[in-house]
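Data first, discussion second: the structure below is written as structure tokens.
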Amino acid sequence: MSFNNFARKVRNPALPLGLRVSMLRSCVQLYRPIGFNATLSLLASEAGDFSRDEAALLGALDVLSASRDARTEELRIYGAMRRQEKLLGRRTPRMRDPNPNPNLGPGRWHGAPRAGALHAVGFWSSKPGLLSPDDLIAVRVGQCVTACLASGGPLQPAQLETLAECITALRDRRTADAYRDDPVRYFQDGGLLALALHVRTAAVPHDAGAVVPAGTPAASPGR
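Each residue of the sequence shown is one higher than the one before, starting from 889 at the first, in this note's numbering.
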């Protein structure tokens, strides 16, 4: 079933509230830009306890739909830009070109990328074991997380440099050999990389119509 079909069931007052909440979760299964549980958490923070309150449920759907609509518009703009570039002979996007492809990056909350990233940073950094004190890279990412949450996003140049070094190191650690040798550590590094990328999204300014940089591999926790 499509997102819009699930959304219609969420809005249907003739259905039991519990079923409508389940339909909202199905919407989130189809559009979860910062992970399933983090997206549900953001919706609850914006709209209230949608599991018990109809107005909060409809508000949560509106928040989710607005972000999804913003992504659709970004994809439309990007498609038009790429068609024009192809006419000019540029068949392959450059790494520095913006790209709203949902398969790139750790995910972003379209329409409010900094706010969404800040929520994701707070949500994922609270997960036990992710910021292990026994891992120097995790410690450094944790320092960036603390600074990011304290400032509401922006980081100092030295902190941005530290964050970039951590992102590079985590990408270098996530090899096929690393997965074979220690799959638990491999996925732990994936979660840590996603967290670092959310910090980076929160740290940089965003225009209303901005899209994410191309060339960023997927690393977001799926739940």
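Ideal placement from N, C-alpha and C gives every residue a C-beta, glycine not left out. Note that the coordinates shown come from a computational prediction; the quantities given were computed from them, not determined experimentally.
Using a 10 Å radius around the Cβ and a threshold of 16 neighbouring Cβ atoms, would you call Phe886 buried or exposed? It is not possible to answer for residue 886, since the shown part of the chain is limited to 889 through 1111.
Please determine, among Arg959, Gly967 and Arg899, the residue with the shortest C-alpha to C-alpha distance to Asp941. Counted from its first residue, the sequence shown places residue 941 at position 53. Cα-wise, what sits closest to Asp941 is Arg899.
Please report the straight-line C-alpha distance between Ser864 and Thr960, rounded to a whole angstrom. Coverage of the chain is limited to positions 889 through 1111, which leaves residue 864 absent and any answer about it impossible.
Between Thr980 and the ligand ADP, is the CB less than 6 angstroms from at least one heavy atom? Absence of the ligand ADP is noted for the structure shown, with no ligands found whatsoever.
With a threshold of 16 other CB atoms inside 10 Å of the CB of Thr980, please say whether the residue is buried or exposed. Your numbering for residue 980 matches position 92 in the sequence shown. It counts as exposed.
When the Cα of Ser1039 is compared with those of Ser933, Arg1062, Leu1019 and Val1009, which residue comes out closest? Mapped onto the sequence shown, residue 1039 falls at position 151. For the residues Ser933, Arg1062, Leu1019 and Val1009, the minimum Cα distance to Ser1039 belongs to Val1009.
Which residue's Cα is closest to the Cα of His1007: Ser914, Met911 and Gly923? Residue 1007 sits at position 119 when you count from the first residue of the sequence shown. Comparing Cα-Cα distances from His1007 to each of Ser914, Met911 and Gly923, the minimum goes to Gly923.
Please report the residue range of the alpha helix (DSSP H) in which Pro1045 lies. If you number the sequence shown from 1, residue 1045 lands on position 157. Counting along the chain, the alpha helix (DSSP H) containing Pro1045 begins and ends at Pro1045 to Arg1061.
If the criterion is Cβ atoms closer than 7 angstroms, does the pair Ala1090 and Ala1005 meet it? For the purposes of this step, residue 1090 is identified with residue 202 of the sequence shown, where counting begins at 1. For the purposes of this step, residue 1005 is identified with residue 117 of the sequence shown, where counting begins at 1. For Ala1090 and Ala1005, yes; Cβs fall inside 7 angstroms.
By the three-class DSSP mapping on this structure, what secondary structure does Ser890 have? Within the sequence shown, the letter at position 2 stands for residue 890. Ser890 falls in the coil class under three-state DSSP.
Cβ-Cβ separation, Val951 to Ala860 (assumed contact under 8 angstroms), whole Å: In this structure the chain extends from 889 to 1111, so residue 860 is not present and cannot be described.
Quick one: Cα of Pro921 to Cα of Ala1000, how far? The residue labelled residue 921 in the question sits at position 33 within the sequence shown. The residue labelled residue 1000 in the question sits at position 112 within the sequence shown. Going from the Cα of Pro921 to the Cα of Ala1000 covers about 11 angstroms.
Would you check if the stretch 1062-1069 and the stretch 1040-1047 touch, i.e. whether three or more CB-CB distances between them fall below 8 angstroms? no
What first and last residue would you give for the alpha helix (DSSP H) that runs through Leu996? As a first step, residue 996 must be located in the sequence shown, where it is residue number 108. Sequence check: residue 996 is Arg here, not Leu. Premise fails: Arg996 is in no alpha helix (DSSP H) and is neither H nor E.
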